[in-house]
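The structure under discussion appears below in the form of structure tokens.
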Amino acid sequence: MNSFTKYVKRYWRSTKSLVGGLRISIKVFFRKKVTEQYPENRHTTLYIPERHRAMLEMIHDGDNHHHCIACGLCQMACPNGTIRVVSEMREDAEGKKKRVLVRYEYDLGACMFCQLCVNACPHGAIRFTNEFENAVFEREKLHLVLNHEGSTLAPPAAKKENPVNA
Amino acid sequence: MEQSFLDYYSLEPVTRRIHEALCSVMPEGWAVCVEGLALGVIILLAYAVLAVVLIYMERRVCGAFQCRIGPNRVGGKGGLLQVPADVLKILTKEIIRLKNSDHLLYELAPYLVILASVLSFSCLPWHKGAEVIDMEVGILFVLAASSIGILGILLAGWSSNSKYTIIGAVRSGAMLISYELSLGITVLTVVILSGTMSISGIVESQADGWNIFKGHILTLVAFVIYLISGNAEANRGPFDLAEAEQELTAGYHTEYSGMHFGFFYLAEYLNLFITSGIATTLFLGGWMPLHVAGLDGFNAVMDYIPGIVWFLGKTFFVVFLLMWIRWTYPRLRIDQVLNLEWKYLMPLSLLLMLLMVVLKVYGLVF
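Line by line, the protein sequences are chains F and V.
Per this note's numbering, residue 37 is the first one in the first sequence, and the count goes up by one each step.
Per this note's numbering, residue 2 is the first one in the second sequence, and the count goes up by one each step.
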């Protein structure tokens, strides 16, 4: 009799679990569909997840200030050698020597979007954006310079307002 | 039974009128021949149209179960022309003849499969007076005719002379023959409840309530068992191990191309429809409208919906249930499939049949 009760118990348990599976799939059936009808909905309902990594960008504020201190940590963190930080030493008004960013070169074609550069940056100067339509016809167009023309390092007061991202 | 020419509830006066009209211009033998041909054309047309509808439905329902949209580009909004386009494409494909296959059996197999499917398709009770094949042992005929399909599958697998096809065919043969048992036993349960084997008789006996409500909980459980074994009979997931594409490319029809493959594909979808149609006939009252005892106003309103709408509506509801099952569960292994049948489904259906006999003998059913 023991094996019979076992049999009935197993029958009951498996029936319950099968019904549970059906319940889950019918929930998915009525859920909003995730398909993006891409070229058509490009300007209307296109949804890219906020954390999607598509393009590296250097953050600039309204006064054309960035936060890059040209320390080169991102360049060292990059496993592909995608980033090249070109900097020079300049003397400021008080006569202190300081490293200043000249060109922040980024090769989109070699980037594997691992986000190690963004994690390495001590000042939150760079981030990944959602702009994913990056296809071009020539390879050279993928070599980008991320710091804007004539931009300078933000003064220390302004730096405090922008919290460093983790 | 003197009825007007256009009876709202029955097609029988119309068919009798047509028969009389034909008999007045030609001998009766010729008239029967012409009617048979016309009916054959209608059945094959309905078969093809339903296949297109079912494939489209399968793709959309499957999409929804996987949280995506499904085909929606070909033919304007909704992708309605996707399946007709696929049909046209498959019609233009070459039928390959394999060098080392058994040519006669290789070419016979798809026709056997489609023959079994069309034969059982024509047994469905579409409307009152519109049963095409209606005999005293109708439900037995359906079971017998649909079994020819197994022969077709086994022949297809064997004659293609390929390891994938033979494994697929043997698996599906073992599975289909096993599941025929619980299918037959649940059908017998309903036959006991209705007291008849004729399909029109079974439908007529449900005029005062569908079988699924009449047999207490018994017919509900029998309905579930029928759905499971019917799903296996139609070779559809989670019992699609005959064509387990990850291991066997396409199973028994791997070596087929063009319309010969199309026949297998068509038969698969129509077997789904036939399984649902028979389930509708046995448990949900065929073309019979929903009647609730005592609510005469409600019953009168339900009667105004024609029988074919009831039949198609209920059948497509069951088709949806089967698709729901298909897209929920992963494929079973062959030993699991046979375990499920021999250790779980068949004992339960035997028990159900026994209980049904007891209920029927003591007059405890509604």
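Here a beta-carbon is modelled for each residue, glycine too, at the ideal position from N, C-alpha and C.
Secondary structure in the region 143-176 of chain F: the alpha helix (DSSP H) runs of 4 residues or longer, each lying completely within the stretch, are 152-156 in chain order. A check of alpha carbon separations from residue 160/F across 100/F, 79/F, 172/F, 110/F identifies 110/F as the nearest. In the three-state reduction of the DSSP assignment, residue 140/F falls in the strand class. Within chain F, the residues whose beta carbon sits less than 7 Å from that of residue 70/V are 69, 71, listed in sequence order. CA-CA distance, residue 138/F to residue 93/F, rounds to 16 Å.
Within chain F, the residues whose beta carbon sits less than 7 Å from that of residue 345/V are 47, listed in sequence order. Nearest C-alpha to residue 180/V among 331/V, 317/V, 235/V: 235/V.
Contact between the region 27-41 of chain V and the region 237-254 of chain V is absent: fewer than 3 CB-CB pairs across the two stretches fall below 8 Å.
Under the 8 Å criterion on CB atoms, residue 64/F is classed as interfacial with respect to chain V.
The continuous alpha helix (DSSP H) containing residue 76/F extends over residues 74-77.
Between residue 64/V and residue 70/V, the C-beta gap is smaller than 8 Å, which places the two residues in contact. If you keep only unbroken alpha helix (DSSP H) runs of at least 4 residues inside the region 72-148 of chain V, you get 83-92, 104-122. Contact annotation: the region 127-136 of chain V touches the region 305-315 of chain V, with at least three C-beta pairs closer than 8 Å. Residue 326/V sits buried, since 16 or more C-beta atoms from the chains shown fall within 10 Å of its C-beta. What residue 61/F touches in chain V, judged by beta-carbon distance under 8 Å, is 66, 325, 328, 329, going in chain order. Residues of chain V with a Cβ closer than 8 Å to the Cβ of residue 108/F do not exist, since the nearest Cβ in that chain sits about 44 Å away. Judged by pairs of C-beta atoms under 8 Å, the region 111-126 of chain V touches the region 44-55 of chain V, as three or more such pairs exist.
The beta carbons of residue 284/V and residue 220/V sit closer together than 8 Å. Non-local beta-carbon contacts of residue 61/V in its own chain, meaning distances under 6 Å to residues more than five positions away in sequence, involve 71 in chain order. Going by C-alpha positions, residue 146/F is about 8 Å away from residue 117/F. Assigned with DSSP and collapsed to three states, residue 102/F falls in strand. Below the 7 Å Cβ cutoff, chain V contributes 325, 329 as neighbours of residue 58/F, in chain order. Minimum Cα-Cα distance from residue 87/F among the listed residues 40/F, 128/F, 166/F, 66/F corresponds to 166/F. The beta carbon of residue 102/V sits closer than 6 Å to the beta carbons of 160, 161, 162 from its chain, once the five residues preceding and following it are set aside; these are given in chain order. Counting C-beta pairs with one atom in each stretch, the region 46-65 of chain F and the region 329-345 of chain V have three or more that are closer than 8 Å, which means they touch.
Here residue 178/V is not near residue 149/V, since their CB atoms are 8 Å or more apart. By the C-beta density criterion, residue 39/F is exposed, having fewer than 16 other C-beta atoms within 10 angstroms. Nearest to residue 229/V by alpha-carbon distance, out of 324/V, 96/V, 296/V, 73/V, is 324/V. Under the three-state reduction of DSSP, residue 23/V is assigned to helix. For residue 222/V, there is no enclosing beta strand (DSSP E); the enclosing alpha helix (DSSP H) has its first and last residue at 219-234. Annotation: the continuous alpha helix (DSSP H) that includes residue 303/V extends over 297-304.
Counting C-beta pairs closer than 8 Å gives three or more between the region 285-304 of chain V and the region 196-211 of chain V, which meets the contact rule. If you draw a straight line from the Cα of residue 361/V to the Cα of residue 184/V, it comes to about 20 Å. Less than 8 Å divides the Cβ of residue 52/V from the Cβ of residue 267/V.
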